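Q:
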Amino acid sequence: MTQSLPRHIAVIDIGKTNAKVVLIDAASETQLGGLSRPNTVLRDAPYPHADVDGLWDFVLDSLGRLHRQHGVDGISITTHGATAALIAGDRLALPVLDYEYDGPAASDEAYDRARPKFDETLSPKLPNGLNLGAQIFWQSRAFPEDFARVTSILTYPQYWAWRLTGVLASEVTSLGCHTDLWAPDSGDFSALVDEQGWRGLFPMIRPAASILGAIRPDIATLTGLAADTPVTCGIHDSNASLVPHLGRRAAPFTILSTGTWAIAMTVGGDTAQLDQMRDSLANVDAFGRPVPTARFMGGREFDALVDKIVEPTEADLTSVMERDVQALPTFAPGVGPFAGKKGRWTAAPDGLSDGERTAAASLYLALVARECLELCGLGETITIEGPLARNGVFAAALAALAERPVHASGDGTGTSLGASLLFGGQPAHEQHDSPIAPLMHPGFPAYAQRWRDRVTG
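Our numbering puts the last residue of the sequence shown at 628; the count rises by one with no breaks.
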């Protein structure tokens with residue numbers, strides 16, 4: 172389908188915690204409107220699963236509202252990873268499994284024998300269902316009759332693209348995000364896919380930026396959108412954060428995509444330092460190239476550490492450093508560069524003010540992020556996307572720790588602009604201002620060294 176660049180692009184952005192539909196003006200790169208709702212997990216049988224019907228109603232309602240307010244000329248899609256829909260004809264064969272469910276661990280022993288080596292997939296063994304291959308392996312054995320009816324396996328962005336257009340597709344950024352299903356260096360499915368007989372269940376691979384087709388006629392009727400409204404194939408959310416930067420700056424450079432997860436990706440980096448025991452891996456960018464990556468659940472941990480967010484004062488920072496108040500990893504067990512450790516405070520957090528607690532948690536996230544950069548490589552510049560771009564203590568501390576220019580992106584969602592660019596547009600300007608001033612507090616270097624001594628001791 173050949174056509175001009177849509178002016179108003181609706182981005183369906185399904186994160187692990189929240190789902191959003193935002194409208195981007197392609198010419199000005201501004202967000203014209205947006206709606207959101209919690210991405211709830213349903214707990215009924217046969218296992219915890221995504222509320223796809225609730226999300227679908229939300230998506231259709233949001234598209235209709237945004238179209239009535241501003242007009243929608245195109246639809247792009249980005250979602251979290253580690254999720255797939257098993258399709259039987261025109262419906263789900265099984266519910267879309269929640270990757271935090273520990274059910275796939277029941278197949279651990281058999282799956283460990285079947286999964287490819289790290290050298291092939293650059294995908295480490297992760298807990299619960301964070302390896303998509305482990306999910307599918309478990310579902311195929313726990314529900315053999317249902318799995319026998321599967322006609323297609325769709326990664327999550329492509330599931331929503333299929334519901335909008337009726338067109339089936341696979342895409343490499345979702346296939347290549349710690350799934351065990353993809354071999355980045357060869358650009359093909361891993362041995363696991365062929366050995367399990369799944370290759371024929373994956374539709375033809377299409378570029379993230381390709382247009383699958385127009386919305387289905389019934390979607391046009393329900394939303395009021397034009398019948399020829401185009402829909403892109405879609406992209407993994409942390410990879411969407413890379414899109415505005417690809418081809419625009421010299422490699423290596425690092426993008427830190429934040430939300431529920433904080434994901435550091437160094438474009439042009441070396442995969443040799445990746446450590447499968449420390450939650451580092453290779454993602455695959457929109458052009459199919461391996462991108463060394465390290466991550467931790469920064470948003471989830473921050474929520475666990477902070478009851479009420481208060482902008483820290485200089486006095487709060489001084490108090491935290493002088494009293495040696497530190498959070499030590501990890502408060503999201505099983506993931507991140509300290510996956511095997513149990514999170515704790517060096518001082519009772521109940522005795523801290525809200526500002527002190529926010530300061531200590533922000534410094535903690537910066538220290539863990541710096542560890543991630545040791546694994547995926549330090550780019551010449553670091554750009555923070557998403558909510559942590561608005562955390563001044565975090566950004567300043569990271570700038571001091573990394574000794575590189577650190578920028579805060581102006582894209583509040585961290586993904587929406589990148590997803591909108593799948594239609595072929597180019598960002599008109601840099602998405603950040605001058606580098607953030609590093610944290611110059613005199614107590615910070617010693618504070619950081621004490622933290623490193625504790626976590627490595």
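Just so it is clear, CB atoms sit at the ideal spot from N, CA and C, and this is done for glycine as well.
Predicted, not measured: the structure shown is a model, and the values here were computed from it.
#1: Let me know if K191 comes out buried or exposed under the rule of 16 or more other beta-carbons within 10 Å of its beta-carbon.
#2: When we look at the beta-carbon of P613 and count the other beta-carbons within 10 Å, is it buried (16 or more) or exposed?
#3: Going by other Cβ atoms of all chains shown within 10 Å of its Cβ, with 16 needed for buried, is T173 buried or exposed?
#4: Around the C-beta of A619, are 16 or more other C-beta atoms found within 10 angstroms, so that it is buried, or is it exposed?
#5: Within the continuous beta strand (DSSP E) that includes I185, where are the two ends?
#6: Please specify which runs of the beta strand (DSSP E), each continuous and at least 3 residues long, are wholly inside the segment 373-429, giving them in chain order.
#7: Look at L194 and L206 and say whether their C-beta atoms are less than 7 Å apart.
#8: Report the residue from A253, A510, D365, S409 whose alpha carbon sits nearest the alpha carbon of V267.
#9: My guess is that V343 and G459 are in contact by the Cβ rule of under 8 Å, so how many angstroms apart are they, rounded?
#10: Near P609, which residues of its chain fall below 7 Å by C-beta distance, leaving aside the five closest residues on each side in sequence?
#11: Per DSSP, what kind of secondary structure is F458 in: helix, strand or coil?
#12: So, are the CB atoms of Y270 and L297 less than 7 Å apart?
#13: Excluding the five sequence neighbours on either side, which residues of its own chain have a C-beta within less than 7 Å of the C-beta of L293, listed in chain order?
#14: Taking DSSP's pairing of strands, which residues face V212 in a bridge?
#15: Please state the DSSP three-state secondary structure of M172.
#16: Go ahead and label K513 buried or exposed: buried means 16 or more other beta carbons lie within 10 angstroms of its beta carbon, across all protein chains shown.
#17: Using only alpha-carbon positions, find the residue among A617, A590, S605 that is nearest to H179.
#18: Applying the criterion that 16 or more other CB atoms from any shown protein chain within 10 Å of the CB defines a buried residue, is D222 buried or exposed?
#19: If we require 3 or more residues per run, which beta strand (DSSP E) segments fall completely within the segment 510-591?
#20: Just to confirm, is the Cβ distance from A340 to P287 under 7 Å?
#21: For G596, I'd like the list of residues in its chain whose CB is within less than 6 Å of its CB, leaving aside the five on either flank, ordered along the chain.
#22: Work out the CA separation of A475 and G526 for me, nearest whole Å.
#23: Helix, strand or coil for T627 per DSSP?
#24: How many Å lie between G505 and G430 at the Cα?
#25: Rounded to a whole number of angstroms, what is the C-alpha to C-alpha distance between S278 and S233?
#26: Are H238 and L396 close, meaning C-beta to C-beta below 7 Å?
#27: Identify whether G358 lies in helix, strand or coil by the three-state DSSP scheme.
#28: Provide the residue(s) that pair with T201 in DSSP beta bridges, ordered along the chain.
#29: Looking at A379 and C404, is the spacing between their C-beta atoms short of 7 Å?
#30: Can you give me the C-alpha to C-alpha distance between H220 and A510, rounded to a whole angstrom?
#31: Which term fits M187, buried or exposed, when burial requires 16 or more other beta carbons within 10 angstroms of its beta carbon?
#32: P576 to E485, Cα distance in whole Å?
#33: Could you give the distance in angstroms between the alpha-carbon of T517 and the alpha-carbon of L335?
#34: With DSSP run on the structure shown, which of helix, strand or coil describes W309?
#35: Quick one: is D244 buried, meaning 16 or more other Cβ sit within 10 Å of its Cβ, or exposed?
#36: Using a Cβ-Cβ cut-off of 8 Å (strictly less than) and excluding sequence neighbours within five positions of R623, which residues of its own chain qualify?
A: With the given structure in hand:
#1: As a working note, residue 191 is residue 20 in the sequence shown. Around the Cβ of K191, a 10 Å sphere holds 16 or more other Cβ atoms; the residue is buried.
#2: Along the sequence shown, one-based indexing puts residue 613 at 442. Burial call: exposed.
#3: Locating residue 173 in the sequence shown gives position 2, where the first residue counts as 1. Confidence in T173 is poor, its pLDDT being 44 and thus under 50, which makes the residue's placement too unreliable to answer from.
#4: On the sequence shown, position 448 is the one that residue 619 refers to. The residue is buried, with at least 16 neighbouring Cβ atoms inside 10 Å.
#5: Residue 185 sits at position 14 when you count from the first residue of the sequence shown. Where I185 is concerned, the enclosing beta strand (DSSP E) stretches over 179-185.
#6: 382-385, 401-403, 424-429
#7: As a working mapping, residue 194 is identified with position 23 in the sequence shown. As a working mapping, residue 206 is identified with position 35 in the sequence shown. Not a contact, by the Cβ cut-off of 7 Å.
#8: Indexing the sequence shown from 1 puts residue 267 at position 96. The shortest Cα separation from V267 among A253, A510, D365, S409 belongs to A253.
#9: On the sequence shown, residue 343 is found 172 positions in, with the first residue counted as 1. On the sequence shown, residue 459 is found 288 positions in, with the first residue counted as 1. About 5 Å; that satisfies the 8 Å criterion.
#10: Along the sequence shown, one-based indexing puts residue 609 at 438. For P609, where only same-chain residues beyond five positions count, the Cβ hits under 7 Å are A567, A570, A571.
#11: Stepping through the sequence shown from its first residue, residue 458 is reached at position 287. In the three-state DSSP reduction, F458 falls in the coil class, being neither helix nor strand.
#12: On the sequence shown, residue 270 is found 99 positions in, with the first residue counted as 1. On the sequence shown, residue 297 is found 126 positions in, with the first residue counted as 1. Cβ atoms of Y270 and L297: not closer than 7 Å.
#13: Here residue 293 is taken as the residue at index 122 of the sequence shown, counted from 1. The residues are P355, T442, L445, L452, A453, P461.
#14: What you label residue 212 is simply residue 41 of the sequence shown in a count that begins at 1. Answer is A221.
#15: Residue numbering aside, residue 172 sits at position 1 when the sequence shown is read from its first letter. For M172, the predicted model reports a pLDDT of 40, less than 50, meaning its position is unreliable and no value from the coordinates is stated.
#16: As a working note, residue 513 is residue 342 in the sequence shown. Exposed: under 16 other Cβ atoms inside 10 Å.
#17: Against the sequence shown, residue 179 aligns to sequence position 8. Checking every option, the nearest Cα to that of H179 belongs to A590.
#18: In the sequence shown, counting from the first residue as 1, residue 222 sits at position 51. D222 comes out buried.
#19: 553-556, 577-579
#20: Position 169 of the sequence shown, counted from the first residue, corresponds to residue 340. Position 116 of the sequence shown, counted from the first residue, corresponds to residue 287. With respect to the 7 Å criterion, A340 and P287 are not classified as neighbours on the basis of their beta carbons.
#21: The residue labelled residue 596 in the question sits at position 425 within the sequence shown. For G596, where only same-chain residues beyond five positions count, the Cβ hits under 6 Å are L176, A197.
#22: Sequence index remark: in the sequence shown, residue 526 carries index 355 (1-based). Sequence index remark: in the sequence shown, residue 475 carries index 304 (1-based). If I take the Cα positions, the gap works out to 15 Å.
#23: Indexing the sequence shown from 1 puts residue 627 at position 456. Under the three-state reduction of DSSP output, T627 falls in the helix class.
#24: Position 334 of the sequence shown, counted from the start, is the residue given in the question as residue 505. Position 259 of the sequence shown, counted from the start, is the residue given in the question as residue 430. If you take the alpha carbons of G505 and G430, they lie about 18 Å apart.
#25: Position 107 of the sequence shown holds residue 278. Position 62 of the sequence shown holds residue 233. Going from the Cα of S278 to the Cα of S233 covers about 39 Å.
#26: Taking the sequence shown and counting its residues from 1, the one referred to as residue 238 is at position 67. Taking the sequence shown and counting its residues from 1, the one referred to as residue 396 is at position 225. Yes, the Cβ-Cβ distance between H238 and L396 is below 7 Å.
#27: Residue numbering aside, residue 358 sits at position 187 when the sequence shown is read from its first letter. In this structure, G358 counts as coil in the three-state DSSP scheme.
#28: For the purposes of this step, residue 201 is taken as the residue at position 30 of the sequence shown. Answer is D196, bridged to T201.
#29: To locate residue 404, count along the sequence shown from 1; it is residue 233. To locate residue 379, count along the sequence shown from 1; it is residue 208. Yes, Cβ-Cβ distance for C404 and A379 is below 7 Å.
#30: Indexing the sequence shown from 1 puts residue 220 at position 49. Indexing the sequence shown from 1 puts residue 510 at position 339. Cα to Cα, the separation comes out at about 25 Å.
#31: Walking along the sequence shown from the start, residue 187 turns up at place 16. Position check: residue 187 holds Lys in this sequence, whereas Met was assumed. Answer is buried; the Cβ neighbour count reaches 16.
#32: Counted from its first residue, the sequence shown places residue 576 at position 405. Counted from its first residue, the sequence shown places residue 485 at position 314. Near 22 Å, if we compare the C-alpha coordinates of E485 and P576.
#33: One-based indexing of the sequence shown puts residue 517 at position 346. One-based indexing of the sequence shown puts residue 335 at position 164. One C-alpha to the other measures close to 51 Å.
#34: Your numbering for residue 309 matches position 138 in the sequence shown. Of the three classes helix, strand and coil, the one that applies to W309 here is helix, per DSSP.
#35: Here residue 244 refers to the residue found at position 73 of the sequence shown. Answer is buried; the Cβ neighbour count reaches 16.
#36: In the sequence shown, counting from the first residue as 1, residue 623 sits at position 452. Once the five neighbours on either side are set aside, the close Cβ partners of R623 are L538.
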